[in-house]
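Read the structure below first, then the notes.
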Amino acid sequence: MANVVAEANPATGTGGPSWTRWLVVAVPYIWLILFFVAPFLIILKISFSDTAISIPPYTPLFQGFGAIGDFFSQLDFENYIFLTEDPLYIWSYLSSLRIAAISTLLLLLIGYPMALAMARAPTSIRPTLVMLVILPFWTSFLIRVYAWIGILKPDGLLTLLLQTIGLMGPDQQVQIFRTDYAVFIGIVYSYLPFMVLPLYAALEKMDHSLLEAASDLGCPPWKAFWKITFPLSLPGVIAGSMICFIPITGEFVIPDLLGGADTLMIGKTLWTEFFGNRDWPLASAVAVILLIMLVIPIMIFQNQQKKVA
Amino acid sequence: MAKSLGPVKRKFSPWTDPNAVPFIRFENITKRFGDFVAVDNLTLDIYEREFFSLLGPSGCGKTTLMRMLAGFEEPTEGRILLQGQDIRGVPPYRRPTNMMFQSYALFPHMSVEKNIAFGLEQDNMPRGEINARVQEMLKLVKLEQFAKRKPNQLSGGQRQRVALARSLAKRPKVLLLDEPLGALDKKLREETQFELMDLQQTLGMTFLIVTHDQEEAMTVSDRIAVMDKGIIMQVATPAEIYEAPNSRYVADFIGDINIIEGKIADTASALGAPGTVKIESDGLSIAVDQECQAVKGDHVAFAVRPEKVRISPDAPADPSVNAFYGEVWDIGYLGDFSLFIVRSEDGRFMRAAQANVSRLVDRPITFEDRVWLTWPRDAGLVLTR
Numbered sequence: 003m004a005n006v007v008a009e010a011n012p013a014t015g016t017g018g019p020s021w022t023r024w025l026v027v028a029v030p031y032i033w034l035i036l037f038f039v040a041p042f043l044i045i046l047k048i049s050f051s052d053t054a055i056s057i058p059p060y061t062p063l064f065q066g067f068g069a070i071g072d073f074f075s076q077l078d079f080e081n082y083i084f085l086t087e088d089p090l091y092i093w094s095y096l097s098s099l100r101i102a103a104i105s106t107l108l109l110l111l112i113g114y115p116m117a118l119a120m121a122r123a124p125t126s127i128r129p130t131l132v133m134l135v136i137l138p139f140w141t142s143f144l145i146r147v148y149a150w151i152g153i154l155k156p157d158g159l160l161t162l163l164l165q166t167i168g169l170m171g172p173d174q175q176v177q178i179f180r181t182d183y184a185v186f187i188g189i190v191y192s193y194l195p196f197m198v199l200p201l202y203a204a205l206e207k208m209d210h211s212l213l214e215a216a217s218d219l220g221c222p223p224w225k226a227f228w229k230i231t232f233p234l235s236l237p238g239v240i241a242g243s244m245i246c247f248i249p250i251t252g253e254f255v256i257p258d259l260l261g262g263a264d265t266l267m268i269g270k271t272l273w274t275e276f277f278g279n280r281d282w283p284l285a286s287a288v289a290v291i292l293l294i295m296l297v298i299p300i301m302i303f304q305n306q307q308k309k310v311a
Numbered sequence: 427m428a429k430s431l432g433p434v435k436r437k438f439s440p441w442t443d444p445n446a447v448p449f450i451r452f453e454n455i456t457k458r459f460g461d462f463v464a465v466d467n468l469t470l471d472i473y474e475r476e477f478f479s480l481l482g483p484s485g486c487g488k489t490t491l492m493r494m495l496a497g498f499e500e501p502t503e504g505r506i507l508l509q510g511q512d513i514r515g516v517p518p519y520r521r522p523t524n525m526m527f528q529s530y531a532l533f534p535h536m537s538v539e540k541n542i543a544f545g546l547e548q549d550n551m552p553r554g555e556i557n558a559r560v561q562e563m564l565k566l567v568k569l570e571q572f573a574k575r576k577p578n579q580l581s582g583g584q585r586q587r588v589a590l591a592r593s594l595a596k597r598p599k600v601l602l603l604d605e606p607l608g609a610l611d612k613k614l615r616e617e618t619q620f621e622l623m624d625l626q627q628t629l630g631m632t633f634l635i636v637t638h639d640q641e642e643a644m645t646v647s648d649r650i651a652v653m654d655k656g657i658i659m660q661v662a663t664p665a666e667i668y669e670a671p672n673s674r675y676v677a678d679f680i681g682d683i684n685i686i687e688g689k690i691a692d693t694a695s696a697l698g699a700p701g702t703v704k705i706e707s708d709g710l711s712i713a714v715d716q717e718c719q720a721v722k723g724d725h726v727a728f729a730v731r732p733e734k735v736r737i738s739p740d741a742p743a744d745p746s747v748n749a750f751y752g753e754v755w756d757i758g759y760l761g762d763f764s765l766f767i768v769r770s771e772d773g774r775f776m777r778a779a780q781a782n783v784s785r786l787v788d789r790p791i792t793f794e795d796r797v798w799l800t801w802p803r804d805a806g807l808v809l810t811r
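Chains Z and L, in that order, give the protein sequences. To convert a position in the first sequence, counted from 1, into my numbering, add 2. To convert a position in the second sequence, counted from 1, into my numbering, add 426.
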């Protein structure tokens with residue numbers, strides 16, 4: 003009890019008994035352990051298991067602590083070894099990374115000017131512009147991707163438009179649907195708000211007098227962009243790129259709905275293993291590798307950020 | 427004012443020379459933002475090597491005027507001549523002016539030396555020369571050991587020095603200072619004011635400073651322009667502004683002053699002594715030695731600084747001297763001065779300042795004492811505007 007009283011001493015700056023403080027810190031950790039660490043450990047365990055025709059479709063199952071030695075002896079790296087042997091998986095990973103990289107670059111090229119225009123717009127209309135960027139979220143993501151099918155399919159709205167304005171003959175059709183192009187369009191469309199908002203946040207808080215100072219010191223506006231605006235928006239560029247690149251790599255819905263048979267993405271492969279082949283252990287191994295692939299670069303990046311700061 | 431107003435800082439007064447060519451000329455400048463008139467048909471000449479202040483309350487147009495010279499705003503009407511050249515349409519990055527920003531506007535992602543070198547790099551100066559100039563600037567503002575630091579690792583005073591070094595590095599023809607010392611505490615501010623004056627003398631540049639701090643303007647300037655609502659009320663040396671304000675506004679804006687509204691009761695001819703007017707203000711009669719355009723019956727104001735008013739418990743020996751009788755209502759002890767606020771029988775107030783020449787143990791005059799305030803005929807002045 004004496005300890006609690008000492009902790010609540012106003013001289014230490016924070017009031018309240020120590021257990022309430024402990025609780026405040028603990029809640030997010032409990033959340034993470036329950037809904038991230040525990041499921042991940044289960045997936046990790048399944049990835050070391052063997053497939054079986056049973057419910058659940060893998061073996062061994064945890065049979066209590068008495069048989070724990072036997073349980074561990076049945077776990078192996080078989081699925082991981084298989085992943086390296088079949089080029090389908092390696093190609094899926096590489097293709098996913100390629101699509102995610104190109105999409106992120108496209109998102110940056112489209113999102114940066116948008117965010118810059120928003121940040122330079124009069125203060126009174128900025129909330130409206132932010133609202134407009136968020137507006138698509140009011141409709142279901144799935145429905146919006148479905149809508150693109152209606153636009154992009156050969157007899158869809160895009161063909162109709164091009165035919166109407168005369169850019170395309172009545173016997174011609176747009177051949178985008180079920181290609182990588184459609185996947186890029188779908189991804190860029192869906193992820194644009196996630197790129198624009200962090201960029202806008204970084205650009206909006208930039209002090210306009212810095213650009214005036216640059217200009218005053220003899221730096222023309224286009225040079226000032228590269229010397230001042232862009233370097234100062236880098237945290238936004240990195241945040242936006244991460245927020246887009248990571249989920250795009252694992253994207254399933256967009257390549258499934260808009261992509262062709264040859265659009266290879268790890269999300270689709272994962273889906274096929276889980277639901278098509280019912281090979282949960284192999285699917286889990288695919289998921290674990292994907293996670294490691296994405297977590298390691300983030301950790302390296304964060305470590306470097308700390309060094310810079 | 428025909429009278430000489432005491433010694434000026436240095437013998438430098440090109441504005442009195444009719445043949446001097448102004449270095450900067452604002453010619454009938456008007457600037458509107460929508461319906462708001464920030465600067466209203468303003469004409470002003472500034473001379474080479476002058477330390478010139480634009481002084482006024484916030485919103486008086488002083489910053490707008492400076493920003494038009496820097497090129498961040500274009501005048502709606504009128505033109506700005508720099509060394510005789512109309513600079514309309516010349517973008518800021520091609521103007522031979524540099525500005526020290528109120529917020530300092532240091533580039534947060536660059537080190538101190540990078541910040542200082544920024545302007546020089548834009549001119550494609552050779553690397554060696556840039557380094558030499560940066561070192562020179564760092565020495566000038568005494569920040570040699572901070573060259574590699576980022577702005578957020580510096581104190582407010584150090585940042586302000588970096589901003590100054592950066593704006594001086596290109597040796598601009600005109601240095602513009604926008605409220606440069608606003609963020610500093612009083613002692614550091616005063617120190618820096620004197621450093622600025624030294625710098626300006628040494629480098630021989632023209633300095634234009636925007637400030638709302640009258641003490642700062644008085645300390646550093648060769649001349650001050652007092653502005654209000656987009657127009658210039660008076661342009662003069664600090665001594666003239668203080669001792670001979672041309673209007674109630676300027677008198678009231680600079681320093682402490684007693685202003686008594688009244689009517690001209692008599693002018694020189696009637697009084698017999700040339701250059702003397704008599705003002706009547708509800709039973710109070712004041713004689714002033716001043717050539718005055720006003721004629722009998724005109725509404726005018728009489729203004730006298732508190733430090734020129736003497737306070738005494740005894741009635742003046744000469745009954746013709748200007749006097750104000752009342753009761754000590756309040757005393758403000760300011761350390762170097764005590765300010766006495768005296769209330770007359772009819773409820774009017776007048777202030778007198780007295781230097782505290784001896785250490786204060788017993789106040790010779792204290793609350794509720796009946797006192798006489800007196801001042802000679804040349805202590806105050808008649809304001810017609």
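For every residue, glycine included, the Cβ atom is placed at its ideal position computed from N, Cα and C.
- Take Thr469(L), set aside five residues on each side of it, and the residues of its chain with a beta-carbon closer than 7 angstroms to its own are Phe452, Glu453, Asn454, in chain order.
- Interface criterion met: the Cβ of Met525(L) is under 8 angstroms from a Cβ in chain Z.
- A residue is called buried once 16 or more other Cβ atoms fall within 10 Å of its Cβ, and Lys612(L), having fewer, is exposed.
- Inclusion of Ala778(L) and Val735(L) in the CB contact set at 8 angstroms is warranted, their separation being smaller than that value.
- As the crow flies, the alpha-carbon of Gly220(Z) is around 26 angstroms from that of Glu621(L).
- Looking at the backbone, the Cα of Ile556(L) and that of Gln304(Z) are separated by about 35 angstroms.
- By the criterion of a C-beta distance shorter than 7 angstroms, Val185(Z) is surrounded in its chain by Ile101, Ile256, Pro257, Leu260, Gly261, Thr265, once the five residues flanking it on both sides are discounted.
- Residues of chain Z whose Cβ lies closer than 7 angstroms to the Cβ of Asp549(L) are, in chain order, Gly220.
- Residue burial is scored here from C-beta neighbours: Gly482(L) has at least 16 other C-beta atoms within 10 angstroms and is therefore classed as buried.
- Ranking Ala215(Z), Pro172(Z), Phe276(Z) by CA distance to the CA of Ala531(L) puts Ala215(Z) first.
- Here DSSP, grouped into helix, strand and coil, assigns Tyr473(L) to coil.
- Straight-line spacing of the CA atoms in Pro129(Z) and Ile167(Z) works out to 35 angstroms.
- Residues of chain L with a Cβ closer than 7 angstroms to the Cβ of Ala215(Z) are, in chain order, Phe527, Ala531.
- According to the DSSP secondary-structure assignment, His725(L) is paired through a beta bridge with Lys689(L).
- Excluding sequence positions up to five before and after Leu160(Z), its CB lies within less than 8 angstroms of the CB of Ile153, Leu154, Val176, Ile178, all in the same chain and listed in chain order.
- Val636(L) counts as buried, since no fewer than 16 other beta carbons sit within 10 angstroms of its beta carbon.
- Residue pairing of Ala713(L) in beta bridges, as defined by DSSP: Lys704(L).
- Contact annotation: the segment 104-118 of chain Z touches the segment 194-208 of chain Z, with at least three C-beta pairs closer than 8 angstroms.
- Shown in chain order are the members of the segment 187-217 of chain Z whose Cβ falls below 8 angstroms from a Cβ of chain L: Asp209, Ser211, Leu212, Glu214, Ala215, Ala216, Ser217.
- Between the segment 506-522 of chain L and the segment 661-671 of chain L there are fewer than three C-beta pairs closer than 8 angstroms, too few to call the two in contact.
- If you draw a straight line from the Cα of Pro19(Z) to the Cα of Tyr193(Z), it comes to about 45 angstroms.
- For Glu80(Z), the uninterrupted alpha helix (DSSP H) run begins and ends at 80-87, by DSSP.
- Interface flag for Ile127(Z) against chain L is unset, since no Cβ pair is found closer than 8 angstroms.
- Listed in chain order, the positions of the segment 473-501 of chain L with a beta carbon within less than 9 angstroms of a beta carbon of chain Z are Arg493, Ala496, Gly497, Phe498.
- In terms of beta-carbon proximity, Pro233(Z) lines the interface with chain L, with at least one pair separated by less than 8 angstroms.
- Relative to Tyr751(L), the option among Leu603(L), Ser770(L), Tyr759(L) whose CA is nearest is Ser770(L).
- Met267(Z) sits in coil when the DSSP states are folded into three classes, being neither helix nor strand.
- In summary, Pro172(Z) is exposed, with fewer than 16 beta-carbon neighbours lying within 10 Å of its beta-carbon over all protein chains present.
- DSSP, reduced to helix, strand and coil, places Ile112(Z) within a helical segment of the structure shown.
- With fewer than 16 other beta carbons inside 10 angstroms of its own, Arg811(L) counts as exposed.
- With a beta-carbon spacing of about 14 angstroms, Glu642(L) and Gln626(L) fall beyond the 8 angstroms limit used to define contacts.
- Between the segment 47-55 of chain Z and the segment 78-94 of chain Z, the count of Cβ pairs shorter than 8 angstroms is three or higher; the stretches touch.
- Secondary structure note for Trp755(L): its beta strand (DSSP E) is the uninterrupted segment 748-759.
- With respect to Cys246(Z), Thr125(Z) sits apart: the two C-beta atoms are not nearer than 8 angstroms.
- Judged by DSSP in its simplified three-state form, Thr628(L) adopts helix.
- According to DSSP, residue pairing for Trp801(L) in a beta bridge involves Asn748(L).
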